[in-house]
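Oh and the sequence shown: position 78 is 78 in UniProt numbering, straight run, nothing missing. Cβ coordinates follow ideal geometry from the N, Cα and C atoms, glycine included.
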Amino acid sequence: MKNLLLTIIVSLISISVGFSQYALQIEGGVNHGKVAVTQTDIYQHENITGGYLSLMPQYSLNNRMNLRSEFQFSIEGLGFENGYKHNLYYVRVIPGVELKVLGPLSVLGGLNIGYIATTGGCTGGSSFKIPKGTYKSSDLGLLTGINYTMNKFNLAVKYNFGLTSIIDINVTDVEGIVVDQGLGKNRFLQVGLGYRIDFKD
């Protein structure tokens with residue numbers, strides 16, 4: 001929690017001084033992805049669909065570039081072939097840049113810093129608890145995307161490329177002997193709609 005508060009404070013301070021125009025964007029949409037397993041081909045997860053909601057202060061440097069800090073609540077996770085699903089509820093802080101490239105179209109880039117708020121599993125119509133410590137409490141990724149703006153509304157398509165592992169996976173044989181190892185990293189697509197509220201000094 002201390003790390004989360006520090007990240008939020010630094011993100012706000014770093015982009016909130018000396019700019020002539022700022023805005024607040026409210027955005028929500030769907031996630032589609034999984035905790036992708038790297039370094040092994042033996043074991044893989046399935047994609048699941050979740051959702052996200054964001055508040056996004058934006059600061060305009062000039063007519064082409066905005067600095068932004070996205071504060072996001074996101075439902076992510078992974079599925080298994082047997083119908084089990086793990087839901088991971090994240091609070092994310094995403095400091096980044098928006099660069100206008102052509103008319104209403106712009107490109108997005110930034111760091112995606114996530115903290116797990118809680119977890120839960122489900123299968124069929126029943127739910128179950130995921131043991132504490134199964135997943136690491138934080139992760140780091142790179143966010144890229146495109147944004148289409150029309151008046152005060154926007155359509156965003158973003159992708160999170162997880163850099164750090166949130167779970168270390170051991171693949172065992174029938175006797176319980178470890179035969180391979182992998183890392184689980186958050187990789188997911190987001191598609192969302194938003195509305196911008198403009199402010200001026």
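Item	Value
Integer Cβ distance of G110 from S138, believed to fall under 8 Å	Going by Cβ atoms, the distance from G110 to S138 rounds to 16 Å, so no, they are not a contact pair.
Assigned secondary structure, G18 (DSSP; H/G/I helix, E/B strand, else coil)	Any reading at G18 is ruled out, since the residue's pLDDT is 46, under 50, leaving its predicted position unreliable.
Distance between beta carbons of G192 and F153, contact taken as under 8 Å	The Cβ separation is near 11 Å, so there is no contact.
Proximity below 8 Å, CB of Y22 to CB of Q72	no
Residue burial classification, K158 (beta-carbon count within 10 angstroms, cutoff 16)	buried
Counterpart residues of A23 in DSSP-defined beta bridges	Q58, D198
heavy atom of the ligand FAD below 7 Å from N186 C-beta	Inclusion of the ligand FAD in the displayed structure is not the case, the ligand content being empty and no account of it being possible.
N66 versus S127 - alpha carbon distance	42 Å
Opening and closing residue of the beta strand (DSSP E) in which P95 lies	85 to 102
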